[in-house]
Structures are given as C-alpha cells and as structure tokens.
Amino acid sequence: MQRLGRLALPFAAQAMLSLGQMGITIVGTVRLTPDGWGRFAVLLSVFFMAAGFVRGFGALPVVIYLSGDPERSRAARRAAVLLTLVAAAPASITIAVVGLGLATAASGLALAAALVTYALYDTTRSVEMSAVRYGRVVSTDAVVMVVLAGLCAVGLLPGVDASVGLPVAMTIAYGVGAAGLALRGRPTRSWSVRAFLDEYRRDIPFLALDGVLIGTTMSAVVIALGASTSLAVAGAFRSCTTLIAGPFQMLQTGLSPTVIRSMRGRAIEERSADHRDPTRAVPSTFRARMRSLAFPATIAASAILAGVLWGTTAAAVVPFVLSAIQLTALSDAVPFSVVACLLVSALWTSTVFSTFQRYRRSNAELTIARVVTLACSLGILVAVPSDIAVPVRLIAATAPWVVFPALHAVLRWAPVSRRL
1 MQRLGRLALP
11 FAAQAMLSLG
21 QMGITIVGTV
31 RLTPDGWGRF
41 AVLLSVFFMA
51 AGFVRGFGAL
61 PVVIYLSGDP
71 ERSRAARRAA
81 VLLTLVAAAP
91 ASITIAVVGL
101 GLATAASGLA
111 LAAALVTYAL
121 YDTTRSVEMS
131 AVRYGRVVST
141 DAVVMVVLAG
151 LCAVGLLPGV
161 DASVGLPVAM
171 TIAYGVGAAG
181 LALRGRPTRS
191 WSVRAFLDEY
201 RRDIPFLALD
211 GVLIGTTMSA
221 VVIALGASTS
231 LAVAGAFRSC
241 TTLIAGPFQM
251 LQTGLSPTVI
261 RSMRGRAIEE
271 RSADHRDPTR
281 AVPSTFRARM
291 RSLAFPATIA
301 ASAILAGVLW
311 GTTAAAVVPF
321 VLSAIQLTAL
331 SDAVPFSVVA
341 CLLVSALWTS
351 TVFSTFQRYR
361 RSNAELTIAR
371 VVTLACSLGI
381 LVAVPSDIAV
391 PVRLIAATAP
401 WVVFPALHAV
411 LRWAPVSRRL
C-alpha cells in the first residue's frame, strides 16, 4: 500500500500543477484574439525557457543527485533557493525585454514577476519531491490550483485584460505555493551556498544550459511556426501542447521522480557491486551494456507508443467534446494532437536517456549532445519545404530527440562514475 502511494502521489501532484496551467491556456484562448493569444503564447514560451535556465541553479542538482535522499535534499534547500533567486533576476529581465519587443510590455513585466515566484515554487517543490515528501507537495499544489483557478476566473470578467491578469494570477498563486512549502518544516541542518557550489559548481552551468535547451525545443517550435506561418497557428499549437498533450505530459512528468530515483538507485547498486568485488571485470561488454540500457530503453519505447495512442484518441474524441461544450475557439488545436504528443514523448525520452548518462558521463558532454540534437531538430524543421503540411514537418523535427539520445547512450555507455 505504501508503495502504491509512492507511485500515485507524484501523479496527483503533477495533475494539480498541470490543471492550473491548462486553466491559463483556456482563459487565454477564450478571452484573447487569435493574434493576441499568439503573442502571449510566444511570451509564455520565453517564460518557460527562462524557467528552464533558472532550474539548473537549484532544482536540477537536487533532483538529479539527491533524489531519494531525504536528509541531504532538505539540507540543500536553503542554498538552492538562494541560487535560484540570483539566477531569476537576469532571466526575468529577459522576459520583460521580449514583452516590450512584442508590443505587450505590461504582459512582459507581469510575467517577469511571475518567473521569480514560479522559480522559487519549482525549487522548493523539487526539494520536497526529492525528499519523497509527496503528500506535502500534493496538498500545496492543491492550494496553488485553487488560488490560480480563482484568479483565472477573474480574467474572464468583462473589462479585464487577460494578457496582464493571467501573469498576475501566476505570480500570486506560485508565490503562495513557494511560501507554503518553505514554511512547512525546517531541515535539521542546512548547507551553505559555498558548500552547495563546492559540490555542484561544475554541473550548474551545464544543467542551466540544458534546461534552456530542453525548454527551447517546444518554445522554438511555437516561435518558428509563428514566423513561418502565422501567430494564429503558433497559438493553436501552443493550445494543443497544453490542453491535449498537456495531460499526457502530466502523466510522464508525474512518473519522472520514480524513474529518476530508480535510475539513481540502480547506478548506486551497480557501483557498489563493482566496489565489493575488486576482481570483477569492468562491465564494458556488449551484454553488460544492453542489460544496463534495458530499463531506459523500455521506458522510452513505452512513452513513444503511449504518445501515438494518446494523440490518435484525442484527435478522434476532442472535436465531439468541443462541440458538446460549444468551445469552438479551441478547434484549431485538434490537427496537432498526434504530433504534439509525439514531441512531448520524444523530449521526455531524451531526458530519460540523459539522466541515465549523467551517472556515467560528464554534464559537459551531455550538453554538447543536447546542442547537436536541438540543432538537427530545428535544422530539419527549417529545411523541410513550407508547402508541406505542418504536422509532417513537426514529425520530421521530432525524430532526432529519440534517435540521438538513444545512440549516445549506446555508443558512449560507461560504468557508473565515482561521483554520484
């Protein structure tokens, strides 16, 4: 029963977080014009790119290297939060500048403020998830969802500018969540910022860049669609990734803490086995490599298959649902159902393989691999003629996110590093 709870609670926590983001998309789609929603969607893309950058300073080191270790995860919270604040300052300025360039200065400023509270919430939340305190995260996420839903409802009122009201709602709701998690229990000991940096300073630059790159992919697709087709198409795809692919992504993200904890545990066991038997040969044979890769490969294959099934089912069912509830403003998002779910699965698959490799290869090498993958993906998206259907172009651009990380894991496999 306890094991079932450990599997169910991360899904519940992610469901709470995703429902709030879906509410933002629904209000934005309904209240803003297609062109206005397209602008706001591009700005949201920049927001999540910046959030990915900030994650590398606090949340990602904790999630990757301390997952499943409650005492050390909690001890790292103070330093992770302080470094998150330092990184969020320049990132928020970037959002404000982009908003000014899109002629939505008020939205940009509001989203800049939202980034700070979102980053703090994400870091404190990641600490609690790594410490396996899922119940605490679920209850806080529920409060955030209620606050966000209530404030989003205000955005539906006549005379309220949703492009400003929604970021303000995000700022308040995520601020409440960050404060709630920070005040609920204090660790018995805390690392200093210096101790945190001594441990992870070699990783932070690459984790921050990696966060930008993984966030850039979906955001770059939205921006590229807006530039090569129209802002309305960009907004439609953004709506699809949130409302149709979003619940599917929620399931994958909810599974991530369990997957990361399992891969870290397997890596520790593998390293311990080698340490216990110094006469044992280094497991560099093809059989050892394949046995080690079986777990991430199975997860990756299952994710891709699930993405196809989810997208196909959504493409068939969602039009009837939209017609029944008379929400035709979202009908333009339906044609992107399959490709959006495939892209979400491909990105998650690449993260699974990169997490597997983080215990074996340097973060610098993994960042280079990510840059190559992103360059190939965007290169394909640009190279495919614009007269070809947009979903086909997107499927072609999705392929590198599955192929390259898998090849890297196979060809550059190594025994578990001493530093874990």
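Residue numbers (my numbering): 1 to 420. Glycine is no exception: its CB is placed at the ideal position from the N, C-alpha and C atoms. Keep in mind that this is a model prediction, so the values were computed, not measured.
- A check of alpha carbon separations from residue 204 across 388, 259, 86 and 35 identifies 86 as the nearest.
- Looking from the CA of residue 67, the closest CA among 109, 127, 178 and 75 belongs to 127.
- Boundaries of the alpha helix (DSSP H) around residue 296: 286 to 324.
- In terms of CA proximity to residue 266, 291 leads the group 291, 250, 320 and 157.
- Using a Cβ distance threshold of 9 Å, residue 249 and residue 348 count as a contacting pair.
- Counting along the chain, residue 238 sits inside the alpha helix (DSSP H) bounded by residues 231 to 243.
- In terms of Cβ geometry, residue 359 and residue 263 form a close pair [threshold 9 Å].
- Where residue 182 is concerned, the enclosing alpha helix (DSSP H) starts and stops at 162 to 183.
- 243 is the residue among 333, 257, 243 and 256 whose C-alpha sits nearest the C-alpha of residue 22.
- With contacts defined as CB atoms closer than 9 Å, residue 303 and residue 354 fail to qualify as a contacting pair.
- Rounded to the nearest angstrom, the Cβ distance from residue 117 to residue 181 is 12 Å, too far for a contact under 8 Å.
- Taking all protein chains in view, the Cβ of residue 33 is surrounded by fewer than 16 other Cβ atoms within 10 Å, so the residue is classified as exposed.
- For residue 405 and residue 157, the gap between their C-alpha atoms comes out near 46 Å.
- Looking only at 237, 230, 229 and 103, the smallest Cα-Cα distance to residue 219 is reached by 237.
- Going by beta carbons, residue 395 and residue 309 fall outside the 9 Å limit.
- Where residue 93 is concerned, the enclosing alpha helix (DSSP H) starts and stops at 77 to 101.
- Taking the CA atoms as reference points, residue 150 sits about 20 Å from residue 40.
- By the C-beta density criterion, residue 159 is exposed, having fewer than 16 other C-beta atoms within 10 angstroms.
- Residue 119 is a Cβ neighbour of residue 55, given a cutoff of 9 Å.
- Rounded to the nearest angstrom, the Cβ distance from residue 147 to residue 165 is 14 Å, too far for a contact under 8 Å.
- For residue 35, the CB contacts under 6 Å within the same chain, skipping 5 residues up- and downstream, are 231 in chain order.
- Pairing residue 84 with residue 122 gives a Cβ-Cβ distance under 9 Å.
- Taking one beta carbon from each stretch, the stretch 42 to 56 and the stretch 93 to 104 have 3 or more pairs nearer than 8 Å; the two touch.
- Counting other Cβ atoms within 10 Å of its Cβ, residue 312 stays below 16 and is therefore classed as exposed.
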